[in-house]
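Numbering (the working numbering), first residue to last: 41 to 318. Working notes, structure below.
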């Protein structure tokens with residue numbers, strides 16, 4: 041329980057720092073007089089540093105082994121890991137775009153932006169706990185499929201953002217779908233490995249999450265900037281909203297990719313882990 045508590049606190053602090061930075065980005069852009077593309081490197085640099093540091097935790101206990109290379113040859117691991125990476129990219133790209141849209145598109149203050157994002161965060165935490173139960177009963181494929189479908193609905197709604205209440209609803213739906221896909225996919229990945237491979241698999245997956253997150257944020261920023269430049273004569277809020285929509289299109293494409301990738305997931309023996317420990 042103490043080990044689990046340490047993991048929970050670490051995950052909370054990491055997510056809290058990322059979310060706080062995303063909400064503060066519009067004010068940092070104004071205060072430092074920099075472009076959105078330049079500010080994006082704050083997020084990308086943060087994610088890349090984590091991605092570089094994470095592997096060293098494994099190297100402290102052992103040097104490179106052939107086991108780490110063999111893990112990628114396991115189909116269940118590679119397919120499941122790709123689903124986790126896609127889902128993680130969805131979450132980060134949405135969390136990067138939404139706070140900026142709320143402030144620069146809807147012209148809402150920083151403090152109120154945090155409150156608007158709060159319902160989705162609470163739902164995310166609740167669904168993450170429920171998703172584990174669903175995996176125990178149904179395996180990974182069904183909850184992941186439902187999760188990606190709900191995430192697609194939420195992302196499509198965000199592509200047609202209009203009012204604050206509408207944004208909150210779309211964000212909540214997205215935050216139901218993403219953890220519903222994430223938790224079972226992660227368990228499916230680690231369940232595909234035996235005890236000696238699990239530590240390496242976890243390190244590989246965590247490292248890839250940070251790298252994919254950095255790339256997803258960079259691409260979302262690129263599309264945001266492109267969307268803003270389409271109509272030079274538009275008002276700043278309108279142009280920024282168009283740019284956010286282009287970033288959301290990227291999120292929608294990721295979700296569709298995840299649904300296609302899900303076809304390769306086999307009906308897994310989700311009771312294997314339970315039989316080993318209970």
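Glycine is no exception: its CB is placed at the ideal position from the N, C-alpha and C atoms. Just so we're clear, the structure is a prediction, and the values are computed from it rather than from any experiment.
| request: Ignore the nearest five residues each way along the sequence and tell me which others in residue 292's own chain have a CB closer than 8 Å to its CB. | output: Position 252 of the chain shown holds residue 292. Only 192, 195, 196, 199 meet the Cβ criterion.
| message | Which complete alpha helix (DSSP H) runs does the region 106 to 182 hold, if anything under 4 residues is left out? | response | Within the region 106 to 182, the complete alpha helix (DSSP H) runs of at least 4 residues are 106 to 111, 115 to 140, 150 to 178.
| query | For residue 242, which option in 227, 255, 256 has the closest C-alpha, if you only look at C-alpha atoms? | reply | Taking the chain shown and counting its residues from 1, the one referred to as residue 242 is at position 202. Of the listed residues, the one whose Cα sits closest to residue 242 is 227.
| field | Inter-residue CB distance, residue 298 and residue 123 (contact presumed, cutoff 8 Å) | value | One-based indexing of the chain shown puts residue 298 at position 258. One-based indexing of the chain shown puts residue 123 at position 83. Contact flag correct, Cβ pair sits at about 6 Å.
| field | Nearest neighbour of residue 190, chosen from 281, 205, 220, 180 [CA to CA] | value | Start at 1 with the first residue of the chain shown, and residue 190 comes out as number 150. Nearest to residue 190 by alpha-carbon distance, out of 281, 205, 220, 180, is 220.
| DSSP three-state assignment for residue 261, whether helix, strand or coil | In the chain shown, the residue the question calls residue 261 occupies position 221. The three-state reading of DSSP puts residue 261 in helix, counting H, G and I together.
| message | Once the 5 residues before and after residue 80 are set aside, which same chain residues still bring their CB inside 7 Å of it? | response | Stepping through the chain shown from its first residue, residue 80 is reached at position 40. So the list reads 257, 258, 261, once near-sequence residues are dropped.
| Which of helix, strand or coil does DSSP assign to residue 85? | Numbered from 1 along the chain shown, position 45 holds the residue referred to as residue 85. Helix, per DSSP.
| Could you give the C-beta distance for residue 142 and residue 162, rounded to a whole number, given that I count them as a contact under 8 Å? | As a first step, residue 142 is located in the chain shown; it is residue number 102 there, counting from the start. As a first step, residue 162 is located in the chain shown; it is residue number 122 there, counting from the start. For residue 142 against residue 162, the beta-carbon gap comes to about 17 Å, at or over 8 Å, which does not count as contact.
| field | N-terminal and C-terminal residue of the alpha helix (DSSP H) that residue 223 is part of | value | Reading the chain shown from its first residue, position 183 is the one you call residue 223. It spans 204 to 231 - the alpha helix (DSSP H) in which residue 223 sits, taken as one unbroken run.
| task | Determine the burial state of residue 205: buried for a count of at least 16 other Cβ atoms within 10 Å of its Cβ, exposed for fewer. | result | What you label residue 205 is simply residue 165 of the chain shown in a count that begins at 1. Around the C-beta of residue 205, fewer than 16 other C-beta atoms lie within 10 Å, and the residue is accordingly described as exposed.
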